[in-house]
């Protein structure tokens, strides 16, 4: 087991290095420069800026920045010139992580609960509700949900109209953020629950006189949860790095906005920084999910393939 | 169940951890809080170019002169006055002795010289404004070469040859190439503000051996962040939470602190138009400095009294590429190299067939004046005067229009038709011109692309309207092409477009802030319109010491732009903001300058 973890962790640097290079290539061939603004700037001014930021060519960039990344220094932001990428991530990531975890904490129990109930009452009212949640969560874009919630906050005065600082600030954006993962979880749980409920061991449990609730929530769910578990890894990692739309609408100083803003600003170091953070989180959470598999279902031998 | 339950429990545990990590905490709002145009890009004077950055800088820093909160004319600030030499080229500024930095140091002429010198050595977008100073352009160009070649293309130019001198602690002498009647407007503009060298020293970037040898110094951006930043304005910057808020506190060291009415000012970062408006509506902020176009039009239609507007010192226009051949990328899509826009008759036909009144009535809807000229109407800004010439190409001596006549004309129903400055709205004449140019009834006119930046909904709508109007009036087709913001800017500045909606805002109340853009030598001449008569008129104006004579020359140059139409003026902008009646000193003005010094809220 430890060997497996060590093996997987040892792969991380290689995977991250490949991602860094690929991202760099894409970023570098994109037209537009981080140093241009509304006005056309003298070439001498541009050249001087590029030199100052070690970005006169792809080679000077690669010669200067990647080696510092090892120490967690992604260099300065080319657009927000007084902030380093590390500063930006340090101030934004904790906020996104908090909001993301809060959203997942809504999405997982509610999603699993509704999904299970829907499967048990197949074709009933709860099943329809689950379908509506799934449809809304998947097809209604985030900016609509967020805007509706924001107007709700403004009309009722029950919640602040955006901002960050108190628990109250977390509720509406957390709800908005939880909707999409919740929708997936509902559907995944429902399908696999339907499948599990037909298995022999479930019938046996009922036959030996166990209550319906115990059979569903204890015996079936443990098996039915596995597909959801697979989805949880990437979903948590993505939710924790924030959402552009929700952060803009609720003006939350999280990381999500930088995924889009850094690209529109062609802020190469910041793009690389946020991509690296997201990738690292994805790797870690996928590993955690794999480990949780074995723990949740001892029949699965996660060490088998890696040997 | 137990093991499945563990997952939300783990999530919850992580959440608790991250709450502590992210360090929440609610902060009391300042005495005056506002939403800026956007988030701050930089507070480094060298690199600054966005309005929101300048706005905040007016609160924390001060130059020799400072814009008056009402008239925006320069009034003495860091200096008490100046002496001007007889040839109007040497300005001797007398510094105010009681001026102090926020760290207690006195503000001296050396601080100005240091800051101006930095603008030449570490150039930014506004470095070109310093080239009015004797020897500045030469120094800046040569030192760039010297640094870029790591000292091989030497010798290092001598700053002593530049007309920027600290004669003593209280006397700052500026020597110019030519008389610059608006120099005071320039020194009141943030790139000309002083900096405290001592406080920046800890932030010198680590130098390589070569840099040490050639004496090249770079400062890390952190010097502009609290608690490092040292300023000389009415406020100190005490807090800057990235993408969250900036907090200003009244400075005890400011020379005119009796007139600073508000103790704390907070800039709240909110970038989404709906969120900005809801924050204003809920009373969380006192002032929303800019209002999104559609929302503003809606509020205006509802007759909201707290929606305040002012004519802006800027014009929206179309730029036409004037090169004999179409740019390579455009020629490819059009299928022909010949550029019909190189023919002035075609440009005139396109301009005269635009119904600008329709654009301001149905798209922008903020009471903008349709434009017949590139310059905003005379008197838009205090001290900005000029007389628009009539439309008689080449003809002289015809009646000219006064400020009042011009405004009345633009505002009237038929203002765009008939005689007046620039080109009228006259479809018949436009058809005739197009036929003369070899495209009778639009026949044979290539399908030119009209390029817009996808970050502007308004411009997209304008393009659609133009397409229809040109089809109806001239029977020609254009294809609308969108490009993402940065890529749009690149295409226009690289002159890889045919027609594009753009804009220009003036930086100081002088016609040259507009006309300079279309000099043959200008980096901003996106139309690639090279006209020697125009260049001559502008050059003569630069050398002219007499203000009135100089203005007549610039008016002629402007009239040339309005009739040769490398650009088709569309409308003059309007600035819009939201503030309640108890908030004083934030009314919108043509240049969107806000002096926080005079802002206060009645509670």
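Chains as they are written, first to last, in this note's numbering: chain F, 15 to 321; chain B, 241 to 843.
Built from N, CA and C at the ideal position, the CB exists for glycine as well.
Count the other C-beta atoms from every protein chain shown that fall within 10 angstroms of the C-beta of residue i, then say buried if there are 16 or more, exposed otherwise.
i	result
residue 78(F)	exposed
residue 560(B)	buried
residue 23(F)	exposed
residue 825(B)	buried
residue 544(B)	exposed
residue 687(B)	exposed
residue 841(B)	buried
residue 845(B)	Any question about residue 845(B) goes unanswered here, given that chain B covers just 241 to 843.
residue 579(B)	buried
residue 499(B)	exposed
residue 615(B)	buried
residue 839(B)	buried
residue 217(F)	exposed
residue 197(B)	Because chain B is modelled from 241 through 843, residue 197(B) falls outside the range shown and cannot be assessed.
residue 412(B)	buried
residue 837(B)	buried
Are the CB atoms of residue i and residue j nearer to each other than 7 Å?
i	j	result
residue 62(F)	residue 830(B)	no
residue 554(B)	residue 612(B)	no
residue 177(F)	residue 116(F)	no
residue 718(B)	residue 731(B)	no
residue 54(F)	residue 757(B)	no
residue 724(B)	residue 694(B)	yes
residue 424(B)	residue 305(B)	yes
residue 192(F)	residue 121(F)	yes
residue 238(F)	residue 229(F)	no
residue 270(B)	residue 506(B)	yes
residue 562(B)	residue 743(B)	no
residue 41(F)	residue 199(F)	no
residue 537(B)	residue 605(B)	yes
residue 428(B)	residue 307(B)	yes
residue 434(B)	residue 355(B)	yes
residue 583(B)	residue 713(B)	no
residue 827(B)	residue 548(B)	yes
At the level of alpha carbons, what is the spacing between residue i and residue j?
i	j	result
residue 401(B)	residue 430(B)	24 Å
residue 653(B)	residue 646(B)	13 Å
residue 372(B)	residue 380(B)	12 Å
residue 512(B)	residue 50(F)	23 Å
residue 307(F)	residue 31(F)	28 Å
residue 348(B)	residue 464(B)	20 Å
residue 270(F)	residue 799(B)	49 Å
residue 71(F)	residue 448(B)	19 Å
residue 65(F)	residue 58(F)	10 Å
residue 620(B)	residue 288(B)	25 Å
residue 626(B)	residue 792(B)	8 Å
residue 88(F)	residue 29(F)	17 Å
residue 253(B)	residue 261(B)	13 Å
residue 45(F)	residue 283(F)	16 Å
residue 586(B)	residue 664(B)	15 Å
residue 279(F)	residue 95(F)	12 Å
residue 590(B)	residue 771(B)	20 Å
residue 36(F)	residue 289(F)	11 Å
Per DSSP, what are the beta-bridge partners of residue i in this structure?
i	result
residue 819(B)	527(B)
residue 372(B)	Looking at the DSSP assignment, residue 372(B) forms no beta bridge with any residue, so it has no partner.
residue 334(B)	321(B) and 411(B)
residue 824(B)	840(B)
residue 287(B)	Residue 287(B) pairs with nothing; no bridge assigned.
With a threshold of 6 Å, establish whether the CB of residue i neighbours any heavy atom of the ligand GDP.
i	result
residue 411(B)	Inclusion of the ligand GDP in the displayed structure is not the case, the ligand content being empty and no account of it being possible.
Subject >> Cβ contact (3+ pairs, closer than 8 Å) linking the segment 155 to 162 of chain F and the segment 204 to 220 of chain F >> reply: Cβ pair count under 8 Å is below three, so no.
Original post:
Are three or more beta carbon pairs between the segment 167 to 187 of chain F and the segment 256 to 269 of chain F nearer than 8 Å?
Top reply: yes
Original post:
Do the segment 516 to 528 of chain B and the segment 266 to 275 of chain B meet, that is, are 3 or more Cβ pairs less than 8 Å apart?
Top reply: yes
Subject >> Contact set between the segment 254 to 272 of chain F and chain A, restricted to residues whose Cβ is under 8 Å from the partner >> reply: Within the model displayed, chain A is absent; protein chains F and B are what it includes.
Original post:
Are the segment 595 to 612 of chain B and the segment 811 to 824 of chain B touching by the rule of at least three beta carbon pairs closer than 8 Å?
Top reply: yes
Original post:
So, do the segment 736 to 751 of chain B and the segment 569 to 588 of chain B have three or more beta carbon pairs nearer to each other than 8 Å?
Top reply: yes
**OP:** Could you tell me whether the segment 352 to 362 of chain B touches the segment 397 to 416 of chain B, where touching means 3 or more Cβ pairs closer than 8 Å?
**Re:** yes
Original post:
Do the segment 245 to 256 of chain B and the segment 129 to 147 of chain F touch if we need at least three Cβ pairs shorter than 8 Å?
Top reply: The count of Cβ pairs closer than 8 Å, one atom from the segment 245 to 256 of chain B and one from the segment 129 to 147 of chain F, stays below three, leaving the stretches out of contact.
Subject >> Cβ contact check for the segment 415 to 422 of chain B and the segment 772 to 788 of chain B: 3 or more pairs under 8 Å >> reply: yes
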